[in-house]
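Numbered per my numbering, the sequence shown spans residues 185 to 398.
For every residue, glycine included, the Cβ atom is placed at its ideal position computed from N, Cα and C.
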Amino acid sequence: MSAAPSYQTVRLSKGRHRSAEEGACVVELASMLNGSRFSDSPYCICPAIGGFLRGYNDHLDDELRQGLYGYAVRVLDTAGDAGVTARRSVMCRTWAYQARSLGVRLPIVLRGTHVRVLWRLRFRRRDDLDVLDCEVAGAYAATLARGDRVWQSWTLGFVDALVWLGSSRRSDDFVGPAADVRFRRGGAGPRLRQEGVATRHAPPPLVGAGSGGA
Numbered sequence: 185m186s187a188a189p190s191y192q193t194v195r196l197s198k199g200r201h202r203s204a205e206e207g208a209c210v211v212e213l214a215s216m217l218n219g220s221r222f223s224d225s226p227y228c229i230c231p232a233i234g235g236f237l238r239g240y241n242d243h244l245d246d247e248l249r250q251g252l253y254g255y256a257v258r259v260l261d262t263a264g265d266a267g268v269t270a271r272r273s274v275m276c277r278t279w280a281y282q283a284r285s286l287g288v289r290l291p292i293v294l295r296g297t298h299v300r301v302l303w304r305l306r307f308r309r310r311d312d313l314d315v316l317d318c319e320v321a322g323a324y325a326a327t328l329a330r331g332d333r334v335w336q337s338w339t340l341g342f343v344d345a346l347v348w349l350g351s352s353r354r355s356d357d358f359v360g361p362a363a364d365v366r367f368r369r370g371g372a373g374p375r376l377r378q379e380g381v382a383t384r385h386a387p388p389p390l391v392g393a394g395s396g397g398a
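So this is what it looks like as structure tokens:
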């Protein structure tokens with residue numbers, strides 16, 4: 185009888201899972217690392233960040249998805265007050281609008297629904313923000329990464345910026361501030377309010393099934 189998967193052996197896969205035996209998305213892996221109930225919406229992660237990562241995780245191809253192990257560590261303890269969550273949501277929606285300007289139009293299926301959501305219908309004439317906006321933004325970032333692998337690095341830099349916002353350790357963990365995102369003309373990639381993309385120092389290594397761990 186095989187041992188139950190641990191955070192070191194579970195393989196990242198798309199969708200919501202009932203237990204680690206079925207696999208885990210990057211947010212569910214974070215719940216395992218936190219020692220909390222297995223969930224794709226753990227209390228220790230900011231809802232905006234969790235939503236963005238769920239959308240991103242679910243719409244990546246399997247090879248790129250295995251590169252998200254380290255982010256299960258990085259996003260722990262990001263839950264903050266409503267103001268920080270709202271600001272992160274605005275950043276996600278800005279990211280989504282900018283990606284739309286690059287011609288991304290594909291419909292996506294949001295987790296927990298059977299509805300194919302077309303980007304322009306989701307965001308048309310809406311002033312309110314919610315977690316689904318963040319999930320849509322992550323999903324469309326994934327469509328860009330599937331087409332051009334360099335978008336994986338740019339998107340994870342954006343997640344670093346989301347984590348940085350509201351972090352009490354930002355002066356130690358990051359190089360350069362970031363609170364907004366823009367895209368260069370011609371689709372040459374994103375840039376943040378200041379040209380240097382916020383980048384965290386490398387976290388402790390996390391061995392995962394997708395990176396050769398046993």
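With contacts defined by Cβ atoms closer than 8 Å, glycine 322 and arginine 238 form a contacting pair. For leucine 260, the three-state secondary structure derived from DSSP is coil.
With 16 or more neighbouring CB atoms inside 10 Å of its own CB, alanine 204 falls in the buried class. Per DSSP, the beta bridge partners of leucine 196 are Ala208. The C-beta separation of cysteine 276 from alanine 345 comes to about 11 Å, leaving the pair out of contact by the 8 Å criterion. Distance check between leucine 349 and each of Asp261, Ser337, Tyr324 and Trp335 places Asp261 closest, using alpha-carbon atoms only.
Aspartate 317 carries a helical assignment under DSSP once its states are collapsed to helix, strand and coil. Within the same chain, Cβ atoms closer than 7 Å to the Cβ of glycine 251 are found at Gln336, the five residues on either side in sequence being excluded. Bounds of any alpha helix (DSSP H) do not take in glycine 251, whose DSSP letter is neither H nor E.
Contact check for aspartate 224 and glutamate 206: beta-carbon distance about 12 Å, past the 8 Å limit, so the pair fails to qualify. In the assembly as shown, aspartate 245 is an exposed residue. Its beta-carbon has fewer than 16 other beta-carbons within 10 Å.
Burial is judged here by how many other beta carbons sit within 10 angstroms of a residue's own beta carbon; valine 334 has fewer than 16 and is exposed. For the options Ser215, Leu248 and Phe222, the alpha carbon positioned closest to that of alanine 263 is the one of Ser215. Setting aside the 5 residues that flank it on each side, glycine 235 is surrounded in the same chain by Val315, Cys318 and Glu319, each with a C-beta closer than 6 Å to its C-beta; the list follows chain order. For tyrosine 240, the enclosing alpha helix (DSSP H) starts and ends at 231-243. At the C-beta level, leucine 328 and tyrosine 255 stay beyond 8 Å of one another. It is roughly 26 Å from the alpha-carbon of arginine 200 to the alpha-carbon of aspartate 332.
By alpha-carbon distance to valine 347, the top candidate from Ala280, Leu217 and Cys228 is Cys228. Here serine 220 is exposed. Its C-beta has fewer than 16 other C-beta atoms within 10 Å.
Between the alpha carbons of arginine 249 and tyrosine 324 lies a gap of roughly 14 Å.
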